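In my numbering, the protein residues as written are 134 to 386. A virtual CB, placed ideally from N, CA and C, is assigned to each residue, including glycine. Quick caveat, the model's predicted, so the values are computed rather than measured.
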Amino acid sequence: MKAIISDIHSNLEALQAVLKDIEKYPVTDIYCLGDVVGYGPNPRECVDLVMKCKIVLLGNHDQGALFDPDGFNPSAERAIFWTRDQLESSNETRPLREKRWEFLAERPRTFREDGFLFVHGSARNPLNEYVFPEDIYNQRKMERIFALVERYCFQGHTHVPGIFIEQVPDDLYQFSSPEEIEYVHRLDGRKTLCNVGSVGQPRDGDWRACYVLLDNDTIRYRRVEYDIDTTIRKIYAVPELENFLGDRLRDGR
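Encoded structure:
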């Protein structure tokens with residue numbers, strides 16, 4: 134059994150709660166689909182924890198911390214520059230700082246294993262492309278993305294969990310939220326994209342951390358409560374992190 138997490142965004146309390154939840158199951162490996170940092174108040178601690186995962190991909194916010202952020206809104210850009218300062222903190226030893234930077238710099242953009250593709254954004258643009266539920270009506274976009282998927286693809290980036298299925302030969306696409314499938318989906322051979330949701334900043338109206346368990350051909354969504362008030366207080370305490378970054382955690386938006 135694998136656990137697949139994504140979009141932690143420096144939310145230590147959410148990540149710790151998810152890792153504790155994972156311990157309840159016979160999980161052999163944890164895969165992280167990127168965006169370990171950005172927006173939240175604990176980038177260093179979150180990077181340290183995900184180093185234990187079997188696979189950690191590069192997310193667009195991780196790349197933004199490494200290089201000049203591109204395409205970020207002003208709030209996200211300000212947060213990523215603050216994140217960079219935290220990773221460069223002189224209060225810690227140089228080897229520890231260098232270890233984190235080297236870890237982030239070495240992250241791959243994709244990972245393939247046994248017919249499964251793992252990306253942060255999409256199969257077409259692993260770092261930056263969003264695939265939203267309403268994209269099922271954009272046939273050209275979905276055709277091009279699904280054409281690059283051998284069978285199954287796990288992704289994040291939108292912070293909106295759910296299952297996309299290619300309907301052949303109708304050339305139609307279906308999206309189901311975790312609630313609509315009672316949090317369980319069985320892979321049946323049809324090409325499928327699974328958005329695993331976000332650990333640290335869900336945007337589907339549910340504030341709880343989200344991740345998935347993959348057990349052979351069965352995907353199970355997990356929602357995990359965490360100490361959201363502590364995370365919000367930490368964000369409020371950092372002038373470079375705008376208050377709305379904490380406020381929206383309560384709304385899951």
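(request) Measure the alpha-carbon distance for T351 versus Q196 and round it to whole angstroms. (result) When only Cα atoms are considered, T351 and Q196 end up about 32 angstroms apart.
(message) Measuring straight from C-alpha to C-alpha, what distance separates D201 and N193?
(response) Approximately 11 angstroms between the Cα atoms of the pair.
(request) Whole angstroms is fine: what's the gap from D337's alpha carbon to D218's? (result) Near 30 angstroms, if we compare the C-alpha coordinates of D218 and D337.
(request) Pull up the CB-CB distance for C327 and F287, whole angstroms please, since I reckon it's below 8 angstroms. (result) Right, the Cβ-Cβ distance comes to about 5 angstroms (below 8 angstroms), so this counts as a contact.
(request) Look at the Cβ atom of A342, then the Cβ atom of V329, and state whether they are nearer than 9 angstroms. (result) No, the Cβ-Cβ distance between A342 and V329 is not below 9 angstroms.
(request) Whole angstroms is fine: what's the gap from T364's alpha carbon to D303's? (result) T364 and D303 have their C-alpha atoms spaced approximately 46 angstroms apart.
(request) In the DSSP assignment, find the unbroken beta strand (DSSP E) run with G295 in it and report its ends. (result) G295: member of the beta strand (DSSP E) spanning G295 to Q300, first to last residue.
(request) Assuming R233 and L220 form a contact by the criterion Cβ under 8 angstroms, report the distance between their Cβ atoms to the nearest whole angstrom. (result) Indeed they touch by this definition, with Cβ atoms about 6 angstroms apart.
(message) With a threshold of 8 angstroms on Cβ separation, who are the neighbours of H253 within its own chain once the five nearest residues in sequence on each side are excluded?
(response) S139, L166, G167, D168, L190, L191, G192, N193, R242, P259, L260, Q288, G289 and H290, listed in sequence order.
(request) Could you round the C-beta distance between R383 and I368 to whole angstroms and report it? I think they count as a contact, below 8 angstroms. (result) About 12 angstroms; that fails the 8 angstroms criterion.
(message) Do R284 and Q300 have their beta-carbon atoms positioned less than 9 angstroms apart in this structure?
(response) Cβ atoms of Q300 and R284: not closer than 9 angstroms.
(message) Closest to L199 by C-alpha separation, out of T226, D181, L237 and Y359, would be which residue?
(response) Per the Cα distances, L237.
(message) For L148 and Y172, I'd like the C-alpha separation in whole angstroms.
(response) Approximately 14 angstroms between the Cα atoms of the pair.
(request) Work out the CA separation of V264 and E178 for me, nearest whole Å. (result) Taking the straight line joining both Cα atoms gives about 29 angstroms.
(request) Rounded to whole angstroms, what's the CA-CA distance from I155 to D348? Just pull it up for me. (result) Approximately 13 angstroms, taken between the alpha carbons.
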